[in-house]
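Numbering (our numbering), first residue to last: 613 to 804.
Beta carbons: idealized from backbone N, C-alpha and C, even for Gly.
Since the model is a prediction, treat every value here as computed from it, not as a measurement.
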């Protein structure tokens, strides 16, 4: 079977098409929500109420005209990420752009980009790395409950990381994986 015949068959296969559309949608959702949350998180950290402070403008905004690149540069400066991570972000962003701007032609012709699985794994890992750094170095470090106590960084996971896993399991997992959260919720709500 020729590649074009395979693409056409995949397009007409509901299971394959659903998987591709859901996968692409989750990727773009995770990328966009991460980008927005990361910028907002740092802006809020530096802000007084809804006002941008001079410290934010000086420490973050001045790093780059692009809010996301200014934010990422701040995280690099703070040691949360390195140059390799920034290169991976470019790969993540390139895949996002391809999905956002070319999805219709991709799905109709060749399916998801060849590097989709790798880029998706990089996106999840990148998000988790920054969020984990934030929890340990900002949230826990400034929480009176933990001050002066020894903590195990492995004991902390960001809610967004857990939510991403749940969405992937529910949307793309096996029937058992997809239903486990509903069953847990139903059990919890019955006992509440």
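Neighbourhood of residue i by C-beta distance below 8 Å, restricted to the same chain and skipping five residues each side
{"i": "residue 793", "result": "778, 781 and 782"}
{"i": "residue 647", "result": "680"}
Cβ-Cβ distance between residue i and residue j below 7 Å
{"i": "residue 748", "j": "residue 770", "result": "no"}
{"i": "residue 679", "j": "residue 651", "result": "yes"}
{"i": "residue 642", "j": "residue 776", "result": "yes"}
{"i": "residue 707", "j": "residue 674", "result": "no"}
{"i": "residue 658", "j": "residue 667", "result": "yes"}
Close-in-space but distant-in-sequence residues of the same chain around residue i (CB under 7 Å, 5 per side omitted)
{"i": "residue 743", "result": "770, 772 and 773"}
{"i": "residue 621", "result": "none"}
{"i": "residue 701", "result": "684 and 738"}
Three-state class that DSSP yields for residue i in the structure shown
{"i": "residue 734", "result": "helix"}
{"i": "residue 724", "result": "coil"}
{"i": "residue 614", "result": "Note that residue 614 scores 43 on pLDDT, short of 50, meaning its location in the model is unreliable and no value can be drawn from it."}
{"i": "residue 631", "result": "helix"}
Environment of residue i [buried if 16+ CB atoms lie within 10 Å]
{"i": "residue 767", "result": "exposed"}
{"i": "residue 683", "result": "buried"}
{"i": "residue 613", "result": "Low confidence applies here, because residue 613 scores a pLDDT of 42, under 50, leaving its location unreliable; read the following figure in that light. Exposed."}
{"i": "residue 753", "result": "exposed"}
{"i": "residue 800", "result": "exposed"}
{"i": "residue 711", "result": "buried"}
{"i": "residue 692", "result": "buried"}
Closest by C-alpha distance to residue i, when choosing among the options
{"i": "residue 704", "options": "721, 726 and 758", "result": "726"}
{"i": "residue 631", "options": "661, 786 and 712", "result": "786"}
{"i": "residue 654", "options": "639, 640 and 672", "result": "672"}
{"i": "residue 736", "options": "627, 640 and 718", "result": "640"}
{"i": "residue 688", "options": "745, 758 and 734", "result": "745"}
{"i": "residue 709", "options": "656, 625 and 724", "result": "724"}
Own chain, CB closer than 6 Å to residue i, minus 5 neighbours either side, in chain order
{"i": "residue 715", "result": "636"}
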